[in-house]
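Some notes on the structure that comes next.
There are 2 protein chains.
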Amino acid sequence: MSLPDQSVDFPGWYQEVVKRAEMAENSVTRGAMVIKPYGYAIWEFMQQGMDRRIKETGHQNLYFPLLYPLRLLEKEADHVEGFTPQVAIVTHAGGSKLEEPLVIRPTSEAVIWATYKNWIQSYRDLPLLYNQWANVLRWEMRPRLFLRTTEFLWQEGHTAHETEQEAMAESKMILSDVYRTTVEEDFAMPVIPGRKSASERFPGAQETFTIEALMRDGKALQAGTSHYFGQNFSRAYDVKFQSRDGTEEHPYSTSWGASSRLIGGVVMVHGDEKGLRLPPKLAPYQVVVVPIYKGDQDKAKVLDACNAVAKMLDGLRVKIDDREHFRPGYKFNEWELKGVPVRLEIGAREVDADEVVVYRRDLGEKQTERLAEVGERANSLMAEIQSTLFDQAEVFRDEHTHVPESYEEFNELLSSAAGFVRAPWCGEAACEEKVKAETKATNRALTLEPEAMTTACIVCNNDAKEMALWAQAY
Amino acid sequence: MSLPDQSVDFPGWYQEVVKRAEMAENSVTRGAMVIKPYGYAIWEFMQQGMDRRIKETGHQNLYFPLLYPLRLLEKEADHVEGFTPQVAIVTHAGGSKLEEPLVIRPTSEAVIWATYKNWIQSYRDLPLLYNQWANVLRWEMRPRLFLRTTEFLWQEGHTAHETEQEAMAESKMILSDVYRTTVEEDFAMPVIPGRKSASERFPGAQETFTIEALMRDGKALQAGTSHYFGQNFSRAYDVKFQSRDGTEEHPYSTSWGASSRLIGGVVMVHGDEKGLRLPPKLAPYQVVVVPIYKGDQDKAKVLDACNAVAKMLDGLRVKIDDREHFRPGYKFNEWELKGVPVRLEIGAREVDADEVVVYRRDLGEKQTERLAEVGERANSLMAEIQSTLFDQAEVFRDEHTHVPESYEEFNELLSSAAGFVRAPWCGEAACEEKVKAETKATNRALTLEPEAMTTACIVCNNDAKEMALWAQAY
Chain H
161 MSLPDQSVDF PGWYQEVVKR AEMAENSVTR GAMVIKPYGY AIWEFMQQGM
211 DRRIKETGHQ NLYFPLLYPL RLLEKEADHV EGFTPQVAIV THAGGSKLEE
261 PLVIRPTSEA VIWATYKNWI QSYRDLPLLY NQWANVLRWE MRPRLFLRTT
311 EFLWQEGHTA HETEQEAMAE SKMILSDVYR TTVEEDFAMP VIPGRKSASE
361 RFPGAQETFT IEALMRDGKA LQAGTSHYFG QNFSRAYDVK FQSRDGTEEH
411 PYSTSWGASS RLIGGVVMVH GDEKGLRLPP KLAPYQVVVV PIYKGDQDKA
461 KVLDACNAVA KMLDGLRVKI DDREHFRPGY KFNEWELKGV PVRLEIGARE
511 VDADEVVVYR RDLGEKQTER LAEVGERANS LMAEIQSTLF DQAEVFRDEH
561 THVPESYEEF NELLSSAAGF VRAPWCGEAA CEEKVKAETK ATNRALTLEP
611 EAMTTACIVC NNDAKEMALW AQAY
Chain L
161 MSLPDQSVDF PGWYQEVVKR AEMAENSVTR GAMVIKPYGY AIWEFMQQGM
211 DRRIKETGHQ NLYFPLLYPL RLLEKEADHV EGFTPQVAIV THAGGSKLEE
261 PLVIRPTSEA VIWATYKNWI QSYRDLPLLY NQWANVLRWE MRPRLFLRTT
311 EFLWQEGHTA HETEQEAMAE SKMILSDVYR TTVEEDFAMP VIPGRKSASE
361 RFPGAQETFT IEALMRDGKA LQAGTSHYFG QNFSRAYDVK FQSRDGTEEH
411 PYSTSWGASS RLIGGVVMVH GDEKGLRLPP KLAPYQVVVV PIYKGDQDKA
461 KVLDACNAVA KMLDGLRVKI DDREHFRPGY KFNEWELKGV PVRLEIGARE
511 VDADEVVVYR RDLGEKQTER LAEVGERANS LMAEIQSTLF DQAEVFRDEH
561 THVPESYEEF NELLSSAAGF VRAPWCGEAA CEEKVKAETK ATNRALTLEP
611 EAMTTACIVC NNDAKEMALW AQAY
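What follows is the structure in structure tokens.
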């Protein structure tokens, strides 16, 4: 049965791909998912690439508790307002009622800053450059696999610094050197980096930096955020240090997170009418080898050749699909659905001719290759497919980025989820609210550095202060 | 300040080592710990080695929800009895009371078997060979860092099989090929594999296999367990499959777990009066280079030499300790406390003589090496130290394994935590209870395969059925 048409029913297409590709499914626990092995393997490759970059930029991993007292969450005013409606609360444990209720972390600023208070006394203790890989819970009313689930997997970095400049530089560095590189290089997903408007910031942040990607239905996905807190958390949790000058100061801080929702992004950025198209860097199998034979004599010969070819693909993640109860055509469909970058087809004819048929999932093209060259070819194809997927997504993104002339046009583009819309904004929340009410779209990002503007706000026609990127979003 | 004496106050020694080596600390959440970067790095190396073996033996990783309905836990009678007293319960989330209470997983059999019900229809769906890395919660009244905390990190494997034989073989294979190899090869911790007596089994298991290690205070640490469930869980969760013969059958299952408590084990097996002694395979830093200089002229020369030496140690995890506000002697103590396997000392004299002083933490010995040979020497030392630590622990274990002649002697050995005690047992729980009441010791393991016995139970003098290993335990 073919998949729902992306252009007609994108949510239905998404759900079917995630299900049929065996990436994840809804669990017996409402709002939470089971991440199945094929989806989890993608997460592991994502995690490896990001963890390497987090460490290369000088951070260390550690681990804070899942549960912490509700009262800790209440210390930073914006933070508690933002997260309290979403938290799950533990009231009983070990057979009795707890003296004070505990929250399951929706994020860990509260427990971390309550702890940093003991770790920071002097400028010599700074900076703290720490990260944790963890599960978090945010109660969701309308869950969607990977994109919005009550529990999700993520990393959260939490750093503390002597100066404003250093903290701000950290926050921007994470955006460019960890998030943008991971998402663009590994996910082959082009992103637009930017700043969030005040209404879209993380609760408690003075600045939130974001990378925004465009999905094939014209909606945006926030693919990672990095927050500059100034002294908000160090003040709220009463953390001070003795500075180089001998004065007592509150440290400046950042936090930054990227999550398993990125797996939903890779589906929605690259997927087509046949299913997933996985970038080689994240593909659980980079090459699948499908034997094609009829009689028993052919079978032995063909399987031997498949095994020999698999050995030539050393260093790649290879699957020989020698299942007997499925026909080759069925297998082709299955691996196309699962987005395996390269399929090798080997039948008696290919064995006799010292050839292999090579199918590229990104272009949907078949070519015949000399057997002796298949190892080298498969390796070079990995880089080619990785960059083709990126280029295709970038072309799509650019073709779906609009600069409207009037509010009418602006409204129509956003209401129909036609993609990214660039338009000047006066900086007032009232205009954002009007746009959201009329189009369902939000202000996704402002330019990374503010730029001088001479035009008028597309919404209210007053002087514009910022160039903004707008879109409907996940 | 020196550490408490191991032989006088082992718990005090343990706590101080874990704290001063910056491995972990108690958190603001009662019973839960913060795993600090030095402890977490050990966990990451442990995880890499075990994850590799889990995958090499044919398993895939996936991820099930943290929370599941309390009623699911209640389906398997022994399981609910064993875990209900320990669970934490979520009653409120998203601002309102939940329709049904959710538990935070103390282990995941319940949610996994409720899901496997949908994944298993035919023998073609079997075996399921899955593992997850996760945090779990078991409410603890007397928490101790790493050894017993309300939240801990672990992996839990959950497999389903067509036959009893296959499930039993899986359960034993995990014990020998994943747990024993990881703990002996990476942790340098010799273990005794065995079966648990009925009273010591995992709740719901028909057999629990264990590896038991001896700590330096004469107490045992259970270092990993693998459970054979028969059809207990598949019956309780109503999971059936159509067999090769066309009949409807319940699959046979296993589960197996090893946790962050192993990090406590590595402290207690190898630690000495100076602190940690880390096996090179798990050490965050395998080599620390300490420059020794007085004047500025020496400083530049010595630091250059340190950097040059560090480059010769390619492939090893090296730290150059060039902190200016600490003296070399302070650094020596700190890295000995933190258990770094090899320290290189480089001063002006060494630079002039093309030499390096090499200190081995395992033996506490210094040697002078030719500069040109230090790369090769450091590499060979990694293997030497890894095996020396294992050998030392094995000698200690063997010297502290006793075979008493009488119940009086048996009782005295166990009451004083003199180590492992081997003695025949009649198989009756009453004798285990008597031993526990009188000595605080428990039956740690029976021989992996039952052996014919001709002697008498050391407790009651009736016919013995099993040779048992006894000890006080963590």
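Chains H and L are the protein sequences, given in the same order. Heads up, the first sequence is in the numbering used here, so the first residue is 161 and it goes up one at a time. Heads up, the second sequence is in the numbering used here, so the first residue is 161 and it goes up one at a time. Backbone N, C-alpha and C fix where the C-beta goes; we use that ideal spot for every residue, glycine too.
Nearest neighbour of residue i, chosen from the options [CA to CA]
{"i": "T267 (chain H)", "options": "H:E176, H:S282, H:Y412, H:E316", "result": "H:E316"}
{"i": "R509 (chain H)", "options": "H:S566, H:A470, H:Q457", "result": "H:Q457"}
{"i": "W314 (chain H)", "options": "H:Q207, H:V469, H:S167", "result": "H:Q207"}
{"i": "L497 (chain L)", "options": "L:V517, L:R180, L:M161", "result": "L:R180"}
{"i": "R190 (chain L)", "options": "H:G254, H:E241, H:A373, H:S357", "result": "H:G254"}
{"i": "V247 (chain L)", "options": "L:E372, L:E176, L:G431, L:L226", "result": "L:L226"}
{"i": "W173 (chain L)", "options": "L:T561, L:R304, L:H252, L:D623", "result": "L:R304"}
{"i": "E360 (chain H)", "options": "H:T385, H:I352, H:P350, H:D346", "result": "H:T385"}
{"i": "Q325 (chain H)", "options": "H:P287, H:V502, H:M193", "result": "H:P287"}
{"i": "N467 (chain L)", "options": "L:I506, L:I272, L:D432, L:G489", "result": "L:I506"}
{"i": "K379 (chain H)", "options": "H:N186, H:A365, H:E588, H:A578", "result": "H:A578"}
{"i": "E204 (chain L)", "options": "L:R520, L:K441, L:R483", "result": "L:K441"}
{"i": "R477 (chain L)", "options": "L:P488, L:R503, L:G455", "result": "L:R503"}
{"i": "L307 (chain L)", "options": "L:M613, L:I195, L:V450", "result": "L:I195"}
{"i": "S576 (chain H)", "options": "H:S162, H:S167, H:K479", "result": "H:S167"}
{"i": "D182 (chain H)", "options": "H:M328, H:E494, H:N621", "result": "With the sequence shown as reference, residue 182 (chain H) is identified as Glu, and Asp is not the correct amino acid for it. Ranking H:M328, H:E494, H:N621 by Cα distance to E182 (chain H) puts H:E494 first."}
{"i": "A532 (chain L)", "options": "L:Y453, L:G455, L:V469", "result": "L:V469"}
{"i": "L222 (chain H)", "options": "H:Q292, H:I452, H:F492, H:N622", "result": "H:Q292"}
{"i": "A358 (chain H)", "options": "H:E593, H:N621, H:A616", "result": "H:E593"}
{"i": "A624 (chain H)", "options": "H:C591, H:L381, H:H239, H:T599", "result": "H:C591"}
Expected contact under 8 Å - CB spacing of residue i and residue j to nearest Å
{"i": "L549 (chain H)", "j": "R437 (chain H)", "result": "6 Å"}
{"i": "Y283 (chain L)", "j": "F389 (chain L)", "result": "At roughly 18 Å, the Cβ-Cβ gap does not stay under 8 Å, so Y283 (chain L) and F389 (chain L) are not in contact."}
{"i": "G499 (chain H)", "j": "G435 (chain H)", "result": "6 Å"}
{"i": "Y290 (chain L)", "j": "P197 (chain H)", "result": "7 Å"}
{"i": "A605 (chain H)", "j": "I352 (chain H)", "result": "6 Å"}
{"i": "T342 (chain L)", "j": "M210 (chain L)", "result": "5 Å"}
{"i": "L654 (chain H)", "j": "F347 (chain H)", "result": "Past the edges of chain H, shown from 161 to 634, lies residue 654 (chain H), and the structure says nothing about it."}
{"i": "V427 (chain H)", "j": "V177 (chain H)", "result": "6 Å"}
{"i": "S413 (chain H)", "j": "A320 (chain H)", "result": "5 Å"}
Residue(s) in a DSSP beta bridge with residue i
{"i": "R304 (chain H)", "result": "H:R308"}
{"i": "Q402 (chain L)", "result": "L:S282, L:E408"}
{"i": "H562 (chain L)", "result": "L:V581"}
{"i": "M627 (chain H)", "result": "H:P584"}
{"i": "G417 (chain L)", "result": "L:E316, L:T385"}
{"i": "W299 (chain L)", "result": "According to DSSP, W299 (chain L) bridges with nothing at all."}
{"i": "M193 (chain L)", "result": "L:N186"}
Close Cβ partners of residue i (< 7 Å) along its chain, the five nearest in sequence each way excluded
{"i": "L473 (chain L)", "result": "V447, G535, A538"}
{"i": "T217 (chain H)", "result": "M333, D337, V338"}
{"i": "H410 (chain H)", "result": "Q391, S394, R395, V399, K400"}
{"i": "E611 (chain L)", "result": "M627"}
{"i": "Y567 (chain H)", "result": "I618, V619"}
{"i": "F362 (chain H)", "result": "T368, T385, H387"}
{"i": "V429 (chain L)", "result": "M349, A373, M375, R376, A553"}
{"i": "A192 (chain H)", "result": "T309, T310, E311"}
{"i": "R340 (chain L)", "result": "V351, P353, I371"}
{"i": "E234 (chain L)", "result": "V240"}
Close beta carbons around residue i, own chain, < 8 Å, minus the five adjacent residues each side
{"i": "V581 (chain L)", "result": "T561, H562, V563, P564, F570, L573, L574, A601, L629, W630, A631"}
{"i": "T607 (chain H)", "result": "G354, R355, E626, M627"}
{"i": "V250 (chain L)", "result": "L227, L258, P261, L262, V263, I264"}
{"i": "E433 (chain L)", "result": "S162, L163, D165, Q166"}
Close Cβ partners of residue i (< 6 Å) along its chain, the five nearest in sequence each way excluded
{"i": "G524 (chain L)", "result": "none"}
{"i": "E529 (chain L)", "result": "V516, V518, R537"}
{"i": "P501 (chain L)", "result": "P440, A443, Q446, R521, I545"}
Residue i: CB within 7 Å of a non-hydrogen atom of the ligand SAM
{"i": "K596 (chain L)", "result": "As far as ligands go, the structure on display features none, and thus does not contain the ligand SAM."}
query: Residue ranges of each beta strand (DSSP E) run of no fewer than 3 residues wholly in the segment 202–257 of chain L, ordered along the chain?
result: Restricting attention to beta strand (DSSP E) runs no shorter than 3 residues, the segment 202–257 of chain L encloses them at 227–229, 248–253, ordered along the chain.
- prompt: Taking the runs of the beta strand (DSSP E) that are 3 residues or longer, which of them lie wholly in the segment 440–468 of chain H?
  reply: Segments of the beta strand (DSSP E) lying fully in the segment 440–468 of chain H: 447–452.
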